[in-house]
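Enquirer: Pasting in a structure now, in structure tokens, and then I'll have a few things to ask.
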């Protein structure tokens, strides 16, 4: 089997191409991710200050612009995932979008370097506005497109059926690469940006991203690449919906085995029938005097693919609130840090460098989790990753609740001390508690979601499926912007001062702590919602499946009668 071999949709790769794939191939991806995040994360945490001081945005305007930028970036990952699953392979998709990202950093460097390209007041208009919005749109498109295809490309280098827990380990080390690069960025690049000039920070980001891109391209001979399927995944989903609607008046057979499925000679593996979403089963009914062909009759496996994607939707929705909380640590918490004592001896820590605290925690905890906790938990649960992906996400949601509660308490203390004596603010170290807890939460949730969406997705749409993780992030950032605007509008009407909780630029005269309490309570309600859907979710591999030769694959084991605690796959 040669590199670039075209697999059928939802085909399973049971053998490894000699000399390709494995951790050697993924090491190029780790290097690219680390170098790319040096610039991206550093500038995203400091962008709120750049917009305030250089582009003259107000407090809520700068925060909303950053969250909208991040939201657009992660939302556009869907485009990268869709293209890599439908038209191009994942490598070529990353090359195209990576070029757009590099160009964006170049434009941002030019605008930050020359004052003539910056607004003189709080009025961003004309050619200056065009340059600014073109550069940030290119950054969102390029960065989002890369993230839509890159995680799945790395996971493709491993045969999860023959290598125990390899995919889970890959995602753990992918996160470690990301946070390692981010830790370097939020210390070195942020210091350069705030002390030597924003243009220098953007220039370093351009250089590191370009170097990471070169490393990624050099790994081309070692990657296992799959070409897109002949039938685009979204087309297959649409086919099932259209045929199910057309057959809506037909009676479902009592025996699901009477539904249409290809014979055992087909090279495509078969997904066992499930009783959830029976309305879709009508797409697999063969009406009398109807020729079996596309857009007329669908197979049971095609119907089950749609059911899998449908089952994922509540999981995506119930993780959005956590990412709304994450947005606060990249906006308002940075502005808190700017008004606190940031001196460690004679050295003054830049406010945007405060997020290095959770990043350092994660750099230490991820290897411990992967090398110590996973093998220990695997002995108890017999699960390749130690715990299921949904369990891991649930732990992260609980920790995010705690983080927002602590953030509210810290803001109360900061505000009280600042009003008593503005010349003696509390130390920025107080922010480390909320950052550290949320960093651990992100470690659990992000990897859990990436692994969950990759493993559960039909093989032919794994890039698009892993981009569901970024969709959750995107909606979280957009929801943060919406919450800020809505809460400001509502509280402005009901408060005696006619001033919103987050209005203006002075945190000492705002009510940021109340916003944190609001998010903490909302996160508690969201966790209850998540537990319900996690218990309801039925893992794809909980069912008997048939291999291409027609043999029945074993049903996965369970360590609990509660679906939320079931293992999703057991490898021998």
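In my numbering, the protein residues as written are 17 to 588.
Note that CB positions come from ideal geometry on N, CA and C, so glycine has one too.
Predicted, not measured: the structure shown is a model, and the values here were computed from it.
(1) Which residue's Cα is closest to the Cα of residue 537: 413, 457, 445, 508?
(2) Taking DSSP as the reference, what is the three-state secondary structure of residue 289?
(3) Distance, Cα to Cα, residue 376 vs residue 451?
(4) Among 304, 253, 339, 371, which residue has its Cα nearest to the Cα of residue 351?
(5) Which class does residue 360 belong to by DSSP, given the choice of helix, strand or coil?
(6) Distance, Cα to Cα, residue 46 vs residue 312?
(7) Report the partner residues of residue 443 according to the DSSP bridge assignment.
(8) Determine the contact status of residue 481 and residue 470, defining contact as a CB-CB distance below 8 Å.
(9) Starting from the Cα of residue 214, find the closest Cα among 141, 181, 238, 123 and give me that residue.
(10) Can you grab the Cα-Cα spacing for the pair residue 435 / residue 443, in whole Å?
(11) What's the call for residue 523, buried or exposed, on a 16-neighbour Cβ count within 10 Å?
(12) Leaving out five residues on either side along the sequence, give the residues of the same chain with a beta carbon under 6 Å from the beta carbon of residue 478.
(13) Which same chain residues, not among the five before or five after residue 340, have their C-beta less than 6 Å away from its C-beta?
(14) Locate the alpha helix (DSSP H) running through residue 302, then write down its first and last residues.
(15) Could you give the uninterrupted runs of the alpha helix (DSSP H) lying entirely in the segment 170–221, keeping only those of 4 residues or more?
(16) From this set, 242, 55, 259, 243, which residue's C-alpha is nearest residue 221's C-alpha?
(17) Report the CB separation of residue 356 from residue 441 in whole angstroms; it is logged as a contact under 8 Å.
(18) From what residue to what residue does the alpha helix (DSSP H) around residue 264 run?
(19) With a cut-off of 8 Å on the beta carbons, I'd call residue 349 and residue 425 a contact; round off their distance for me.
(20) Leaving out the 5 sequence neighbours to the left and right, which residues in its chain are closer than 6 Å to residue 229 when beta-carbon positions are compared?
(21) State whether the segment 90–103 contacts the segment 224–242, with contact taken as three or more CB pairs (one from each stretch) at a distance under 8 Å.
(22) Looking at the secondary structure, which residues open and close the alpha helix (DSSP H) in which residue 512 lies?
(23) Would the segment 132–140 count as touching the segment 65–75 if we require 3 or more Cβ pairs under 8 Å?
(24) Taking 8 Å as the threshold (C-beta atoms), are residue 184 and residue 472 in contact?
(25) Thinking just about the alpha-carbon of each residue, which of 533, 291, 103 is nearest to the one in residue 418?
(26) Within 10 angstroms of the Cβ of residue 529, are there 16 or more other Cβ atoms? Answer buried if so, exposed if not.
(27) Using the three-state DSSP reduction, which class does residue 463 fall into: helix, strand or coil?
(28) So, are the CB atoms of residue 343 and residue 353 less than 8 Å apart?
(29) Taking the straight line between their C-alpha atoms, what separation do you get for residue 559 and residue 539?
(30) For residue 415, which residues from the same chain have a beta carbon less than 6 Å from its beta carbon, with the 5 sequence-adjacent residues on both sides left out?
(31) In this structure, does DSSP put residue 350 in helix, strand or coil?
(32) Between the Cα of residue 182 and the Cα atoms of 552, 129, 390, which residue gives the shortest distance?
(33) Could you tell me whether the Cβ atoms of residue 87 and residue 117 are closer together than 8 Å?
(34) Answer yes if the segment 397–410 comes into contact with the segment 539–554, meaning at least three C-beta pairs across the two stretches below 8 Å, and no otherwise.
(35) So residue 119 packs on residue 126, CB below 8 Å; how close in whole Å?
(36) Checking 8 Å against the spacing of the C-beta atoms, do residue 541 and residue 531 come in under that value?
Expert: To lay it out plainly:
(1) 413
(2) coil
(3) 11 Å
(4) 371
(5) strand
(6) 45 Å
(7) 357
(8) yes
(9) 123
(10) 15 Å
(11) buried
(12) 168, 470
(13) 492, 495, 496
(14) Neither: residue 302 is in no alpha helix (DSSP H) and is coded neither H nor E.
(15) 182–200, 206–211
(16) 55
(17) 5 Å
(18) Here residue 264 belongs to no alpha helix (DSSP H), and DSSP marks it neither H nor E.
(19) Incorrect: roughly 13 Å between the Cβ atoms, too far for contact.
(20) 114
(21) no
(22) Residue 512 -> no alpha helix (DSSP H), and no H or E assigned at all.
(23) yes
(24) no
(25) 533
(26) buried
(27) helix
(28) no
(29) With a pLDDT of 41 at residue 559, under the threshold of 50, the modelled position of this residue cannot be trusted; read the value that follows with caution. Roughly 32 Å between the two C-alpha positions.
(30) 453, 456, 457
(31) helix
(32) 390
(33) no
(34) yes
(35) Between residue 126 and residue 119 the Cβ distance is about 11 Å, and since that is not below 8 Å, they are no contact.
(36) no
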